[in-house]
DNA sequence: TTTTTTACTTTGAATAATCAAAATTACCTG
DNA sequence: CAGGTAATTTTGATTATTCAAAGTAAAAAA
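Structure below.
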């Protein structure tokens with residue numbers, strides 16, 4: 058079985074790869090930062106992962122997962138997200154802090170325990186922040202969501218996902234009703250101010266900077 | 058925070074120490090076997106734990122925990138046992154297999170999650186096998202239980218604990234009603250055959266060898 | 001008491017993961 | 001294209017944990 062370290066490298070590459078639309082290599086700098094090691098360490102590790110055929114390594118260009126690597130990464134992501142949901146739904150923990158907890162547990166939960174959790178939760182398809190839960194055999198469909206920074210104005214939109222794990226941000230989002238499932242409208246876009254104002258159903262309007270807005274994914278409310 | 062390895066050494070010393078009645082040193086051989094390393098490795102590790110003041114090391118005699126070491130060991134044991142109970146009670150997992158699961162989770166469950174579990178279970182005092190769950194501040198009272206190998210005959214006895222984690226044995230015990238809470242009587246003791254026969258309430262009598270009998274702790278049913 | 005056995009410790013070496021700092025390469029900029 | 005900057009790789013070392021095998025001490029047997 059892969060070590061915790063290996064699982065973390067693969068997970069971060071997978072996350073980074075989807076973050077940049079699935080195509081192209083993940084540069085070493087990004088990876089090193091995501092994993093929290095110095096660039097030199099990442100290089101060393103990546104070479105041994107390439108050796109094990111878990112990723113392709115193009116020196117000075119970057120890395121991308123092989124099918125085997127992606128399979129492992131998805132397993133980790135699945136554990137992480139199921140655990141998150143479990144902590145919220147069953148142990149009633151705070152939306153904003155379950156990410157950190159899951160960071161540890163994702164490496165030690167056995168398949169048996171995970172299956173129980175999956176069953177108990179009714180085979181959910183998304184975690185508390187709206188991130189999809191990969192299933193054993195991989196689909197992982199790309200949805201048609203976009204960030205609040207680029208979504209259409211004045212139309213009813215549904216929040217599908219928050220792509221940020223900072224507890225501060227999550228608490229802020231929660232306080233303003235910006236959680237998966239919320240319906241809202243963009244009332245104003247201020248390009249020069251680098252901001253958008255949104256009005257969640259039954260809530261006071263909020264204005265977000267583009268960077269924050271991009272982390273709130275929405276789709277048109279159907 | 059102590060590493061998983063350190064936690065395991067401390068846990069095993071603590072278990073071994075109570076197993077031998079709380080007094081005297083745990084010999085290195087026992088420890089090495091319990092932790093699953095070669096004797097040389099245990100010696101090295103123990104020296105560094107002594108350095109950190111987690112145990113006292115008497116070369117060629119053995120080790121015993123310092124108060125600091127015992128505190129850490131109890132924390133691990135608490136996590137282990139609460140997790141076991143949680144797996145049985147909430148996730149409805151098999152009595153016989155939760156030990157192995159808890160062996161991993163005991164090192165990664167945070168205090169926050171543990172507190173939720175503790176609350177959800179109503180601050181339990183024993184795990185599914187009857188082992189006491191240490192509380193933050195340490196008591197851990199010695200009960201007056203004894204093994205079936207030495208308990209009084211023909212009197213109503215209550216099973217308080219099974220001191221064995223082998224799934225095979227646990228399944229056997231379960232099949233014969235030998236679980237914490239069961240009332241039974243010793244109907245016959247056969248010293249020469251190295252065996253005892255017990256009759257659990259409403260079950261067929263079973264005969265156990267002394268070694269197995271010693272792992273079933275009972276107290277007189279009050 | 002001498003010998004033998006058993007338990008334990010030491011030694012030398014390996015693996016996984018890491019870092020700091022030096023060396024290299026690729027990319028821009030003028 | 002020359003020069004500089006930023007990203008990346010190399011190198012040399014460190015820490016934690018482990019093992020196998022050789023050495024040593026203490027306990028048991030003779």
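Chains as they are written, first to last, in the numbering used here: chain S, 58 to 279; chain V, 58 to 279. For every residue, glycine included, the Cβ atom is placed at its ideal position computed from N, Cα and C. All figures in this text were calculated on a predicted structure; none of them were measured in a lab.
Which of the three DSSP states is assigned to residue i in this structure?
{"i": "residue 255 of chain V", "result": "strand"}
{"i": "residue 67 of chain V", "result": "helix"}
{"i": "residue 86 of chain V", "result": "helix"}
{"i": "residue 266 of chain S", "result": "strand"}
{"i": "residue 60 of chain S", "result": "coil"}
{"i": "residue 55 of chain V", "result": "Not covered by the structure: residue 55 of chain V. The range shown for chain V is 58 to 279."}
{"i": "residue 77 of chain S", "result": "coil"}
{"i": "residue 103 of chain V", "result": "helix"}
{"i": "residue 205 of chain S", "result": "coil"}
{"i": "residue 218 of chain S", "result": "strand"}
{"i": "residue 119 of chain S", "result": "strand"}
{"i": "residue 94 of chain S", "result": "coil"}
{"i": "residue 72 of chain V", "result": "helix"}
To the nearest angstrom, report how far apart residue i and residue j are at their CA atoms.
{"i": "residue 131 of chain S", "j": "residue 250 of chain V", "result": "56 Å"}
{"i": "residue 164 of chain V", "j": "residue 151 of chain S", "result": "22 Å"}
{"i": "residue 221 of chain V", "j": "residue 126 of chain S", "result": "39 Å"}
{"i": "residue 85 of chain V", "j": "residue 216 of chain S", "result": "59 Å"}
{"i": "residue 190 of chain S", "j": "residue 139 of chain S", "result": "7 Å"}
{"i": "residue 264 of chain V", "j": "residue 201 of chain V", "result": "24 Å"}
{"i": "residue 253 of chain S", "j": "residue 246 of chain S", "result": "4 Å"}
{"i": "residue 87 of chain V", "j": "residue 101 of chain S", "result": "39 Å"}
{"i": "residue 161 of chain S", "j": "residue 104 of chain S", "result": "25 Å"}
{"i": "residue 236 of chain V", "j": "residue 148 of chain V", "result": "19 Å"}
{"i": "residue 279 of chain S", "j": "residue 129 of chain S", "result": "35 Å"}
{"i": "residue 97 of chain S", "j": "residue 117 of chain S", "result": "12 Å"}
{"i": "residue 153 of chain S", "j": "residue 239 of chain S", "result": "17 Å"}
{"i": "residue 124 of chain S", "j": "residue 77 of chain S", "result": "18 Å"}
{"i": "residue 276 of chain S", "j": "residue 169 of chain S", "result": "35 Å"}
{"i": "residue 178 of chain S", "j": "residue 82 of chain V", "result": "48 Å"}
{"i": "residue 122 of chain S", "j": "residue 107 of chain S", "result": "9 Å"}
{"i": "residue 218 of chain V", "j": "residue 230 of chain V", "result": "11 Å"}
{"i": "residue 232 of chain S", "j": "residue 167 of chain V", "result": "26 Å"}
{"i": "residue 255 of chain S", "j": "residue 79 of chain S", "result": "29 Å"}
{"i": "residue 199 of chain V", "j": "residue 214 of chain V", "result": "18 Å"}
{"i": "residue 227 of chain V", "j": "residue 182 of chain S", "result": "36 Å"}
{"i": "residue 171 of chain S", "j": "residue 192 of chain S", "result": "12 Å"}
{"i": "residue 60 of chain S", "j": "residue 95 of chain V", "result": "22 Å"}
With distances taken Cα to Cα, identify the nearest neighbour of residue i among the options.
{"i": "residue 258 of chain S", "options": "S:252, S:202, S:212", "result": "S:212"}
{"i": "residue 91 of chain S", "options": "S:79, S:81, S:74", "result": "S:74"}
{"i": "residue 262 of chain S", "options": "S:98, S:106, S:244", "result": "S:244"}
{"i": "residue 174 of chain V", "options": "S:146, S:153, S:133", "result": "S:146"}
{"i": "residue 260 of chain S", "options": "S:279, S:234, S:121", "result": "S:234"}
{"i": "residue 29 of chain S", "options": "S:115, S:204, S:107", "result": "Because chain S in this structure spans residues 58 to 279, residue 29 of chain S falls outside the shown range and cannot be described."}
{"i": "residue 186 of chain S", "options": "S:109, S:121, S:143, S:110", "result": "S:143"}
{"i": "residue 271 of chain S", "options": "S:207, S:66, S:97", "result": "S:207"}
{"i": "residue 137 of chain V", "options": "V:153, V:123, V:159, V:129", "result": "V:159"}
{"i": "residue 65 of chain V", "options": "V:79, V:81, V:111, V:82", "result": "V:111"}
{"i": "residue 194 of chain S", "options": "S:224, S:135, S:223, S:248", "result": "S:135"}
{"i": "residue 210 of chain S", "options": "S:268, S:232, S:241, S:114", "result": "S:241"}
{"i": "residue 114 of chain S", "options": "S:255, S:181, S:67", "result": "S:67"}
{"i": "residue 274 of chain S", "options": "S:61, S:166, S:109, S:188", "result": "S:188"}
{"i": "residue 248 of chain V", "options": "V:232, V:256, V:268", "result": "V:268"}
{"i": "residue 62 of chain S", "options": "S:226, S:93, S:79", "result": "S:93"}
{"i": "residue 224 of chain V", "options": "V:95, V:180, V:157", "result": "V:157"}
Please look up how many angstroms separate the CB atoms of residue i and residue j, rounded, as I've assumed it's under 8 Å.
{"i": "residue 155 of chain V", "j": "residue 141 of chain V", "result": "5 Å"}
{"i": "residue 133 of chain V", "j": "residue 70 of chain V", "result": "Actually they are not in contact, since the Cβ atoms of residue 133 of chain V and residue 70 of chain V sit about 11 Å apart, beyond 8 Å."}
{"i": "residue 99 of chain V", "j": "residue 89 of chain V", "result": "4 Å"}
* Which runs of the alpha helix (DSSP H) spanning at least 4 residues fall entirely within the region 124 to 198 of chain S, listed in chain order? -> Counting only runs of 4 or more, we get 124 to 146, 155 to 162, 168 to 177.
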